[in-house]
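Data first, discussion second: the structure below is written as structure tokens.
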Ligand code: SAH
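Residue numbers (our numbering): 846 to 1242.
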């Protein structure tokens, strides 16, 4: 097995069980290491640190399979890791969606697997998981007892690993779209062309919380920004909101949203779906003097990397400022960030700045995070990407 030796002092993060080896930490590595090959990582003083998958092109040059020198990285290893991850999962209602494998936090860096009813969708996002793709696919079928597995390895991060995008059926004969059930709502998931693996499972618990907010305030008028296929909108309607205006720039997502409305027997007139840019629409609504009881802001990742944090902060501030202005006094703002580069602290500061500039006083009623099938390893803070706040705009005192 090839050996990779780190520069002095660069062993610290691995000793803290952080699962990445950055290119800048490496003192010596053979040129002949193949992409995805398992290497032994050693400290400058020769101490063994970890077994990792090698990625020659990425800044994340190594992703740790194991901190144990005796571990064999072979088919049985993947079957074991998958089985353990499944054992840790919360109970799944029949027909529901669930994240089964959440990359680093489940001990398989670069692998995402979501289950939609009885269909599996996987993303192989690193050189290591790419090398073991067939082994992992077989093991997934074996440990879940399911037949159909679709591959959605078309996330941008594959470029950083020097891997081309790849999508298509991987095992069995998966259908192009699947209907899942979430808290009593039926939702269509476009596994071939939808975002990520087709759906935003990480918001499942938060949609239940939002449904409950509308239950306690029957008849509210709500605004759902970045609505995708309308899962938050329908949670609000289920809870008793009288009307929800939903905005997204994706026409295909809104087509599914309208289908979802019909499939759940929601009266079409209770919802308005607008294909538009949220930044512009919020200004139009403000200029038209509109006001809402509850507003959801769930934008895409504005800061995928630390380098884009400043620009992202301005974008978050902009939409939150407009959100505060569009809220009725006593109204609630449910605001999210899924940017890895913006932590919960910074997000709260940005939102506080937005409230200040909007001339609004607000209180934090609840802090939100990703659903519990998206575990976060304590040593891997990057896993904690989704954070949210439920804020209430105070009446003028
Ligand atoms: N809340 C959704 C997930 C939102 S993901 C859910 O629970 O399922 C972010 C969404 O923002 C995507 O659907 C994307 O199409 C949309 N989007 C991105 N930029 C936008 C913009 N400038 N204006 C409107 N929608 C945008």
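C-beta atoms are modelled at their ideal positions from N, C-alpha and C, and glycine is treated no differently.
If we ignore side chains and look at the alpha-carbon of each, how far apart do residue i and residue j end up?
i            : j            : result
residue 1028 : residue 1060 : 14 Å
residue 1188 : residue 1142 : 17 Å
residue 1198 : residue 1162 : 7 Å
residue 970  : residue 957  : 8 Å
residue 948  : residue 1233 : 22 Å
residue 966  : residue 1017 : 12 Å
residue 1042 : residue 1024 : 14 Å
residue 1123 : residue 1114 : 21 Å
residue 1160 : residue 1166 : 10 Å
residue 877  : residue 1218 : 38 Å
residue 924  : residue 916  : 14 Å
residue 1073 : residue 1015 : 26 Å
residue 1003 : residue 981  : 18 Å
residue 1224 : residue 861  : 7 Å
residue 959  : residue 1095 : 22 Å
residue 1172 : residue 1137 : 5 Å
Which of helix, strand or coil does DSSP assign to residue i?
i            : result
residue 1177 : strand
residue 952  : coil
residue 850  : strand
residue 1164 : helix
residue 1126 : helix
residue 1050 : helix
residue 1214 : strand
residue 1225 : coil
residue 883  : strand
residue 1090 : strand
residue 861  : coil
residue 1232 : strand
residue 957  : strand
residue 1008 : coil
For residue i, tell me which candidate among the options has the shortest Cα-Cα distance.
i            : options                : result
residue 1213 : 994, 930, 1230, 1076   : 1230
residue 1184 : 1145, 1193, 1171, 1205 : 1145
residue 879  : 866, 868, 898          : 898
residue 953  : 1030, 911, 1011, 1090  : 911
residue 863  : 890, 894, 876          : 894
residue 870  : 876, 861, 857          : 857
residue 886  : 917, 851, 903, 875     : 851
residue 961  : 937, 909, 981          : 937
residue 1010 : 1021, 996, 854, 1020   : 996
residue 1071 : 1215, 1181, 951, 1193  : 1181
residue 1238 : 905, 1215, 941, 1209   : 1209
residue 1048 : 942, 1147, 972, 1104   : 942
residue 1240 : 1179, 1170, 1221       : 1170
residue 1120 : 939, 1069, 987         : 1069
residue 1054 : 1083, 1037, 1044       : 1083
For residue i, does the count of other Cβ atoms within 10 angstroms reach 16, so buried, or fall short, so exposed?
i            : result
residue 933  : exposed
residue 1052 : buried
residue 919  : exposed
residue 1226 : exposed
residue 882  : buried
residue 1063 : exposed
residue 974  : buried
residue 964  : buried
residue 1033 : buried
residue 1039 : buried
residue 928  : exposed
residue 1152 : exposed
What span of residues does the beta strand (DSSP E) with residue i cover, start to end?
i            : result
residue 874  : 871 to 874
residue 1259 : There is no way to answer for residue 1259, as the model of the chain reaches only from 846 to 1242.
residue 1065 : From DSSP, residue 1065 is part of no beta strand (DSSP E); its letter is neither H nor E.
residue 822  : No answer is possible for residue 822: the residues shown for the chain start at 846 and end at 1242.
residue 905  : 905 to 911
residue 983  : Residue 983 -> not in any beta strand (DSSP E); alpha helix (DSSP H) instead, spanning 978 to 989.
residue 1025 : 1022 to 1027
residue 1015 : 1011 to 1016
residue 1274 : Absent from the structure is residue 1274, since the part of the chain shown begins at 846 and ends at 1242.
How far does the alpha helix (DSSP H) with residue i in it reach, from first residue to last?
i            : result
residue 1036 : Note, residue 1036: premise wrong, no alpha helix (DSSP H); not H, not E.
residue 1187 : No alpha helix (DSSP H) contains residue 1187, which DSSP labels as neither H nor E.
residue 998  : First-last for residue 998: 993 to 998, but that is the beta strand (DSSP E), not the alpha helix (DSSP H).
residue 968  : Here residue 968 belongs to no alpha helix (DSSP H); instead the beta strand (DSSP E) covers 964 to 969.
residue 1077 : 1076 to 1084
residue 927  : 920 to 933
residue 1107 : 1096 to 1108
residue 1119 : Segment 1116 to 1120 is the beta strand (DSSP E) holding residue 1119; no alpha helix (DSSP H) there.
residue 1003 : 1002 to 1005
For residue i and chain D, any beta-carbon pair shorter than 8 Å?
i            : result
residue 1211 : The displayed structure is made up of one protein chain only, and chain D is not part of it.
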